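With our numbering as the guide, the letters of the sequence shown map in order to residues 728 to 1431.
In this text, a Cβ means the ideal position worked out from N, Cα and C, and glycines have one as well.
What you are looking at is a predicted structure, and each value in this text was computed from that prediction instead of being measured.
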Amino acid sequence: QVILPLLRSDLYEVMQAVISRRLASSMPVWKEDSAAVTVVMASQGYPGAYPKGLEITGLAKAKQLGLEVFHAGTALKDGRVVTSGGRVLTVTAIKEDLPAALREANLGVAAIHFQGAIYRRDIGYRAIAFLRQSRGLTYKNSGVDIEAGNTLVQKIKPLAAATSRSGCNAELGGFAGLFDLKAAGYRDPILVSGTDGVGTKLKIAQECQKHDTIGQDLVALCVNDLLAQGAEPLFFLDYFACGKLDVEVAQGVIAGIADACRKAGCALLGGETAEMPGMYPPGEYDLAGFAVGAVERGQMLPQLDRITEGDVVIGVASSGVHSNGYSLVRKIVEKSSLDFSSRVGVSGDQTLGELLLTPTKLYSKTLLPVLRSGHVKAYAHITGGGLLENIPRVLPESFGVVLDALTWKIPEIFCWLHKEGNLSEEEMARTFNCGVGAVLVVQKEMAQQVLRDIQGHETAWLIGKVVSLQKGSDNVKVLNLHRALQANRSLCVHSHLQGKIQMGKVKVAVLISGTGTNLEALINSTKKDTSFAQIVLVISNKAGVEGLKKAERAGIPTRVIEHTRYQSRTEFDSAVDKVLEEFSVELICLAGFMRILSGPFVKKWEGKILNIHPSLLPSFKGANAHKLVLQAGVRVTGCTVHFVAEEMDAGAIIFQEAVPVKVGDTEASLAERVKEAEHRAFPAALQLVASGAVRVGEAGKIYW
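See below:
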């Protein structure tokens, strides 16, 4: 009761690891920087004779405090919890340190009552006294956990071993790694090395908490560069740096590195994990990779003396943005109506973050045989600097290339970036690969044969030719790029919208308390094929109201959660939240819901709750808006749809519709016309939010 709450691992999996004798490679993971205290509450007279059947109160309050209450000698009698044993229950608190946990546990014990309850008041004090004793600092005190580092090494050893190849066995743990070139089959090799990092693509991986693919980006950036010299990647080293080592995250990243090494045909020969407190914020890490390859002396690329005017440029497809230009990508997303969690694609089964995290393609195994055929004069990896700056690196100074963007398929993500960022053609071509991850220069007569060889493994096209450079002319000209991006633009937008219109409609719950006139307007608008939203649930805090009947007639599931059955707003809201999660709800509309939501509920659903108010906010907040409007003598009122904040009627405004105040208006006549406006405004605002056109950002700012 005091130890197991600190266990992060699944206890069943720990037991299985013990039974199968693999505990050393699957050690239990415990909560870090946490302490637990448990206090036992016993019956008066225990361990001797003691009374039974005494009512226990305060259990809900202990739960509100975030405490775990373990029942031992308790029973249910007539709907009440009563005592039925000597050791009645225990209260467990988990906090950042022992003194804090002790304080919380004692608060919980003080909140729980039954007649004659006894418990010790000295629990934990000897431990606290011990902790307060002056003693020497340790490396762990400074923020470096050597045990965590050792645990990580044990976890990644089998991953590295799986990358063994001829020339090395990829065993971690030594001071340095060894590679036998002769055993790898080389006679007169030239060693080729390269290093790179993933850049700010890491920021997206960390924000999306998706760490399993970023390792391939690191490996691909390095080994794809080696191919430019005609070299086969032999082994790889990684550097993982963080402020505080999270073994699970690091293991995921390095597992991705190891898997990519295996795909690329190179061994993960070693690496460095650097835990540096204060260097990186919590949750952030940085990566660097180092690759070494080899090429026989007579097979090195580029073969500059063979390149001539009329040679053909073959483009090999990229998987997307790969790993360059992400500072610009992140700036574009920040200014757009989407975020990394926005659903994209025809089926809506992928988020924008997942799309942008598509790993960089590994070209070594598929292109190396072609590069060794003798038919390729040069290979360029389209990395940082895009098409404009990478191709000239493998050409003689007197030659350039002319490419035609209409000859290859540009992935939709590039047309979206082009449109959203209002980027020029030059900016696109200098920053991104635009769908071409690598280019090969070949003799015109051999172009079709080489293309067929590549197309057996990769998507590729004939995309341009080598030309003689005139003085002052550009090394790389990309014709029809704007036209190609425009041609794909409608497809890009179409796919995003279609994803919403088909399977990816945003799931909405409507909370009501009465007749639900606004509910009816929302139902009618979401029935349309063009709607971005779908009402999947209606919740009422009152049974038998007309709004529930309207939902049932429309075939929408309903739930009644009566607030009178709960002791507090927080308990009621927790019950509502549980049902919302059951239906995978993404947005909430308050349509005549006559309850004030608790702070924790509003905070959890921040930017996801819409409410409508019968005035033009920020004027005339709260109840009796129509009365206040008439008393103020204003000529125009209306309604406001806004996001819900903890302060009443203070959330960011999404949509407003004005209604003129007529001479002789009464509260009733004015309310009737404002209600008609609400029936138009609420559905319109819901569509704006569900489509991603409007969202609330930091500090309650609205982004369009």
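Query	Result
Hey, could you find the ends of the alpha helix (DSSP H) residue 857 is sitting in?	852-858
Looking at the structure shown, is residue 829 part of a helix, part of a strand, or coil, going by DSSP?	helix
Please go through the same chain and pick out, in chain order, the residues whose beta-carbon is closer than 6 Å to the beta-carbon of residue 965, but skip the five residues on each side of it.	984, 998 and 1016
When you compare only the Cα positions, how much space is there between residue 1313 and residue 1057?	24 Å
Taking only the alpha-carbon atoms, compute the straight-line gap between residue 1155 and residue 1201 and give it to the nearest angstrom.	16 Å
How about residue 1266 and residue 1203: are their beta carbons less than 9 Å apart?	no
Going by CA-CA distance only, name the one from 743, 1043 and 745 that's closest to residue 1186.	1043
So, at 8 Å on beta carbons, what are the nonlocal neighbours of residue 789 in its own chain, with the 5 sequence-adjacent residues on each side left out?	796, 818, 835, 838 and 839
Short of 6 Å in beta carbon distance, which residues of its chain neighbour residue 883, apart from the five on each side in sequence? Order them along the chain.	981
Alpha carbons only, please: which of 1210, 1199, 1169 and 1193 is nearest the one belonging to residue 1141?	1210
Alpha carbon to alpha carbon, how far is residue 1029 from residue 866?	50 Å
On the DSSP letters alone, give me the boundaries of the beta strand (DSSP E) that residue 941 sits inside.	Element bounds for residue 941: not the beta strand (DSSP E) but the alpha helix (DSSP H), 941-953.
What's the gap between the Cα of residue 1363 and the Cα of residue 1400?	12 Å
Please classify residue 729: does DSSP put it in a helix, a strand, or coil?	coil
For residue 969, name the three-state secondary structure that DSSP assigns.	strand
Can you tell me which residues form a DSSP beta bridge with residue 1366?	1384
Helix, strand or coil for residue 1405 per DSSP?	helix
In chain order, what residues of the same chain have a beta carbon less than 7 Å from the beta carbon of residue 940, not counting five sequence neighbours either side?	983, 1084 and 1086
So, at 8 Å on beta carbons, what are the nonlocal neighbours of residue 1005 in its own chain, with the 5 sequence-adjacent residues on each side left out?	870 and 970
Which value, in whole angstroms, describes the spacing of the CA atoms of residue 1170 and residue 1129?	15 Å
Where does the unbroken alpha helix (DSSP H) through residue 754 begin, and where does it stop?	Run containing residue 754: none; DSSP gives neither H nor E here.
Please state the DSSP three-state secondary structure of residue 1413.	helix
Just mark residue 1410 as buried or exposed, buried being the case when its beta carbon has 16 or more other beta carbons within 10 Å.	buried
Can we say the stretch 946-959 touches the stretch 987-1003, given the rule of at least three CB pairs closer than 8 Å?	yes
Name, in chain order, the residues that DSSP records as bridge partners for residue 1432.	In the structure as shown, the chain starts at 728 and stops at 1431, and residue 1432 therefore has no counterpart that could be examined.
Does the stretch 1007-1025 come close enough to the stretch 1160-1167 to have 3 or more Cβ pairs within less than 8 Å?	no
Here's the rule: buried if 16 or more other CB atoms are within 10 angstroms of the residue's CB, otherwise exposed. What is residue 1422?	buried
If I follow the unbroken beta strand (DSSP E) through residue 814, where does it start and stop?	814-822
Which stretch, first to last residue, makes up the beta strand (DSSP E) that contains residue 807?	807-810
Using only alpha-carbon positions, find the residue among 1352, 1337, 1366 and 1329 that is nearest to residue 1343.	1366
What residue range is occupied by the uninterrupted beta strand (DSSP E) comprising residue 1126?	1126-1131
Would the beta-carbon of residue 1241 fall within 9 Å of that of residue 1289?	no
Which whole-angstrom value is the C-beta distance of residue 1144 and residue 1205, which I expect to be below 8 Å?	16 Å between Cβ atoms; not a contact.
Just to confirm my understanding: we take residue 1180, look at its own chain, exclude 5 residues before and 5 after, and list those with CB closer than 7 Å. What are they?	1097
Considering only C-alpha positions, which residue in the set 1109, 1193 and 1152 is nearest to residue 1125?	1193
According to the Cβ coordinates, are residue 917 and residue 958 closer than 9 Å?	yes
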